[in-house]
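Participant:
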Amino acid sequence: MANVYKPEGIMLDGSLVPGIFALKEAMEQKKILEARVKLCDSAHNLILDLDSCRGIIPRSEAAIGIDDGTTRDIAIISRVNKPVCFTVTEIKTDSNGVALAILSRKKAQEECQAQYIDKLKLGDVIDARVTHLESFGCFVDIGCGISSLIPIDAISVSRISHPKDRFRTGQDIKAVVKMIGEDSRVTLSHKELLGTWEENAMNFEAGETVAGIIRSVEQYGIFVELAPNLAGLAEPREGARPGQHASVYIKSLLPDKMKIKLIIVDAFDASYSPPKPVYYIKSGHIDLWRYSPESSERFIGTDFNA
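Encoded structure:
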């Protein structure tokens with residue numbers, strides 16, 4: 001059965017703002033809708049941008065955790081000018097005779113939690129939308145504004161200095177459920193979807209000169225990323241710095257040792273945007289993911305049943 005509990009903004013993308021008849025029908029069917037937040041008033045109620053009438057999400061209905069303080073008011077304020085999901089709880093007329101829709105984001109989140117998130121299992125591949133980036137990881141919306149974290153070391157096999165090296169805010173991505181806490185909070189991973197060593201290495205051949213990004217400079221050599229889940233070691237080069245882009249010559253690929261030997265032809269500063277992730281797994285469920293080749297003596301991977 002298809003998941004109907006999407007990250008906020010996906011339902012609204014390319015869709016019209018709900019009209020009065022759609023609101024009434026949604027209220028009867030207890031359907032989840034979306035609209036953009038126009039403003040947050042001094043009492044921290046959210047006013048929504050509806051075509052047919054004025055819509056309001058009272059502060060107490062703005063998110064799970066507002067009542068008990070586990071969700072701070074900044075989470076309400078920050079929704080201004082962004083889409084939010086909601087259910088319609090009441091349609092009435094205000095003191096000026098104008099239709100007023102009373103809405104609840106909290107109820108939509110509670111339904112999403114109970115009907116979707118609480119049923120997730122370790123290894124499930126899901127949709128997510130990037131909400132903000134911190135030095136330690138990437139926060140994503142996994143459904144109706146409910147947040148989850150992808151730790152920085154779970155974003156890709158190739159190490160990065162900051163999640164902005166991979167993602168941008170508002171980007172739609174895939175992720176896999178890595179951990180579920182006692183509080184039902186979900187922690188995600190991303191690297192398992194980006195291909196194994198062999199799957200990535202198949203895109204390269206010895207003798208080619210290809211694009212790369214310098215990720216680490218060590219005394220014995222320079223690690224250059226060829227793809228998010230594939231890096232090789234280049235000979236030392238004076239002046240090379242982490243974060244620089246490079247053109248690199250591939251000397252050899254050694255699957256048994258999971259090594260790629262490189263020579264840096266040129267290294268330079270550039271502000272290219274992170275490329276869109278290429279997913280080798282886009283849906284379904286993963287029990288065991290093996291990054292290392294079968295011929296390798298080392299096992300590198302993730303056991304989601306452990």
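At position 193 of the sequence shown (counting the first as 1) the number is 193 in our numbering, and the numbers step up by one without a gap. Idealized CB from N, CA, C, for every residue including glycine.
(1) If you compare alpha carbons, which of GLU192, GLY243, CYS138, VAL88 is closest to LEU149?
(2) Looking at the unbroken beta strand (DSSP E) that takes in ILE260, where does it start and where does it end?
(3) Would you say HIS190 and ILE155 are within 7 Å of each other, going by their C-beta atoms?
(4) Got a sec? Which residues, its chain only, sit under 7 Å from SER295 by beta carbon, not counting five neighbours each side?
(5) Quick one: residues in its chain with C-beta nearer than 7 Å to the C-beta of LYS6, no 5 flanking neighbours on either side, listed in chain order?
(6) Assuming PHE299 and GLY123 are in contact, meaning their beta carbons sit under 8 Å apart, how far apart are those beta carbons, in whole angstroms?
(7) Output the boundary residues of the alpha helix (DSSP H) element that contains GLU111.
(8) Applying the 10 Å Cβ sphere with the 16-neighbour rule, what's the burial state of ALA270?
(9) May I ask which residues mark the beginning and end of the alpha helix (DSSP H) holding ILE20?
(10) Would you call the segment 236-248 and the segment 81-94 touching, i.e. three or more CB-CB distances under 8 Å?
(11) Taking all protein chains shown into account, decide if SER337 is buried (16 or more other Cβ within 10 angstroms of its Cβ) or exposed.
(12) How long is the line joining the alpha carbons of ASP165 and SER60, rounded to whole angstroms?
(13) Would DSSP call LYS119 helix, strand or coil?
(14) Report the option in ALA75, LEU12, SER135, THR302 whose CA atom is closest to the CA atom of LEU193.
(15) Just how far apart, CA to CA, sit SER292 and THR209?
(16) For VAL80, which beta-bridge partners are listed by DSSP?
(17) For the beta strand (DSSP E) that ALA246 lies in, which residues bound it at each end?
(18) In this structure, does DSSP put GLU205 in helix, strand or coil?
(19) According to DSSP, simplified to helix, strand and coil, what is VAL157?
(20) Locate the beta strand (DSSP E) running through ALA227, then write down its first and last residues.
(21) At what residues does the beta strand (DSSP E) containing LYS174 begin and finish?
(22) I need the boundaries of the beta strand (DSSP E) containing LEU48, first residue and last residue.
Facilitator: Answer, in terms of the structure:
(1) Closest option to LEU149, judged by alpha-carbon separation, among GLU192, GLY243, CYS138, VAL88: CYS138.
(2) Per DSSP, ILE260 is one residue of the beta strand (DSSP E) stretching across 259-268.
(3) Against a cut-off of 7 Å, the Cβ pair of ILE155 and HIS190 comes out as a contact.
(4) Within the same chain, SER295 has close Cβ partners PRO255, ASP256.
(5) The residues are ASP127, GLY143.
(6) Actually they are not in contact, since the Cβ atoms of PHE299 and GLY123 sit about 17 Å apart, beyond 8 Å.
(7) Taken as a continuous stretch (DSSP letters only), the alpha helix (DSSP H) holding GLU111 covers 105-115.
(8) Burial state of ALA270 is exposed, judged by a 10 Å Cβ sphere holding fewer than 16 other Cβ atoms.
(9) Element bounds for ILE20: 20-29.
(10) Cβ pair count under 8 Å is below three, so no.
(11) Residue 337 lies beyond the range of the chain shown here (1 to 306); nothing can be said about it.
(12) If I take the Cα positions, the gap works out to 37 Å.
(13) In the three-state reduction of the DSSP assignment, LYS119 falls in the helix class.
(14) Cα-wise, what sits closest to LEU193 is THR302.
(15) C-alpha of SER292 to C-alpha of THR209: approximately 24 Å in a straight line.
(16) For VAL80, which the question treats as bridged, DSSP gives no partner whatsoever.
(17) Counting along the chain, the beta strand (DSSP E) containing ALA246 begins and ends at 245-254.
(18) Under the three-state reduction of DSSP output, GLU205 falls in the coil class, being neither helix nor strand.
(19) If DSSP states are grouped into helix, strand and coil, VAL157 belongs with coil.
(20) It spans 221-227 - the beta strand (DSSP E) in which ALA227 sits, taken as one unbroken run.
(21) 172-180 is the span of the beta strand (DSSP E), which, as asked, contains LYS174.
(22) Per DSSP, LEU48 is one residue of the beta strand (DSSP E) stretching across 46-48.
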